[in-house]
Amino acid sequence: MNQKNLLSIAADFVQPSINRGIVLLSAKEMDKMRRVGKLAANLLNHLEPMVQPGVSTQALNDEAASWMQAHSAISATLGYAPPGHPPFTGSICTSVNEVVCHGIPNPKQILKDGDIINIDVTPLLEGYHGDTSRTFLVGQVSATARKLVEATQESMMRGIAEIKPGARIGDIGAAIQEYAEASGFSVVRDMVGHGIGRQMHTEFQVPHYGKRGSGVKLRPGMVFTVEPMLNEGTYELKFLADRWTVITKDKKLSAQFEHTVAVTDKGVEILTLA
Ligand code: MF3
Ligand code: CO
Ligand code: CO
């Protein structure tokens, strides 16, 4: 996901003109997005059975890297270095328990019974990006962890269900926030969904909270991610010294799900389905 503010800095810094405004994708481009979206979802399916107590996040990373290579795709996260961040060293993001997002795979980090782990993949295929993540349960998890993960997925789907031409970006966030808070969880504010296509992140932002009827009007051809992060406790965040890993300020659990979606003439198409 994008970090608010920092993203605009990145846009100004790196690509002053390309990254402006909201890009509408052509039918041909949409086809490319469908292909890479499906690839991304298939990658998560491929990794899912590996998510067991005893596996390292590095092993998940390495399997993802070779799978992408075998499917003619490359990881858009490996070496990714927006201003203020060192190059990201993972081919995927692995975010365990209190890690909200952008966890860096590590051979010393071994999953254990009761953990939750978000795996976020962003393959690049034929010039277009797919971006999807799911939070997996490792062995037997607490009732709270299970509830958090289920609520996060449901909140994402409720946000996506709002999408159709004429709806507003705020409708998505409102639906997510309503469900999250009614479930007893908080919604992360500082990290948002984003426009996607030839670039992994465009300037277009998709907050996971907000007010119905507010924000940009949705139009067919818009492609962006919906990727809510729900926290067990406070929505406030902290960055680790590696300048990537984002954790909850109170070290309580966080979960996330992400789909890449397209606004169509009739409504919405989820591009990251297996
Ligand atoms: N996949 C993340 C997103 O949803 C972006 C990861 S960038 C990385 O936007 F460098 F942290 F990998
Ligand atoms: Co994203
Ligand atoms: Co992602």
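In the working numbering, the protein residues as written are 826 to 1099.
Just so it is clear, CB atoms sit at the ideal spot from N, CA and C, and this is done for glycine as well.
- Annotation for residue 882 indicates a beta carbon at 7 angstroms or more from all heavy atoms of ligand 3.
- Collapsing the DSSP output to three states places residue 1012 in a strand.
- Those residues placing their Cβ nearer than 6 angstroms to any heavy atom of ligand 2 are, following chain order, 826, 956, 1019, 1050, 1052, 1083.
- Distances from the CB of residue 913 to the heavy atoms of ligand 1 include at least one below 7 angstroms.
- According to the DSSP assignment, residue 1084 belongs to the beta strand (DSSP E) that extends over 1084-1088.
- Checking the 7 angstroms criterion, the Cβ of residue 977 is out of range of every heavy atom belonging to ligand 3.
- Annotation for residue 945: 918, 958 place their beta carbon closer than 6 angstroms to its own, counting only its chain and skipping 5 residues before and after.
- Annotated as distal: residue 850 and residue 1086, with beta-carbon spacing of 8 angstroms or more.
- Relative to ligand 3, even the nearest heavy atom lies 7 angstroms or more away from the CB of residue 1015.
- Checking the DSSP bridge columns, you'll see residue 1054 partnered with 1081.
- Closest by C-alpha distance to residue 1011, out of 1075, 940, 881, is 1075.
- Per the Cβ contact rule, the segment 1021-1039 is in contact with the segment 992-1004 (3 or more Cβ pairs under 8 angstroms).
- Relative to ligand 1, the beta carbon of residue 1070 is positioned no closer than 7 angstroms to any heavy atom.
- Judged by beta-carbon spacing, residue 969 lies within the 8 angstroms limit of residue 1057, meaning their Cβ atoms are closer than that value.
- By the neighbour-count criterion, in which a residue is buried when 16 or more other Cβ atoms sit within 10 angstroms of its Cβ, residue 861 is buried.
- Sequence-distant partners of residue 897 (beyond 5 residues in either direction) whose C-beta falls short of 7 angstroms from its own C-beta, in its chain, are 950.
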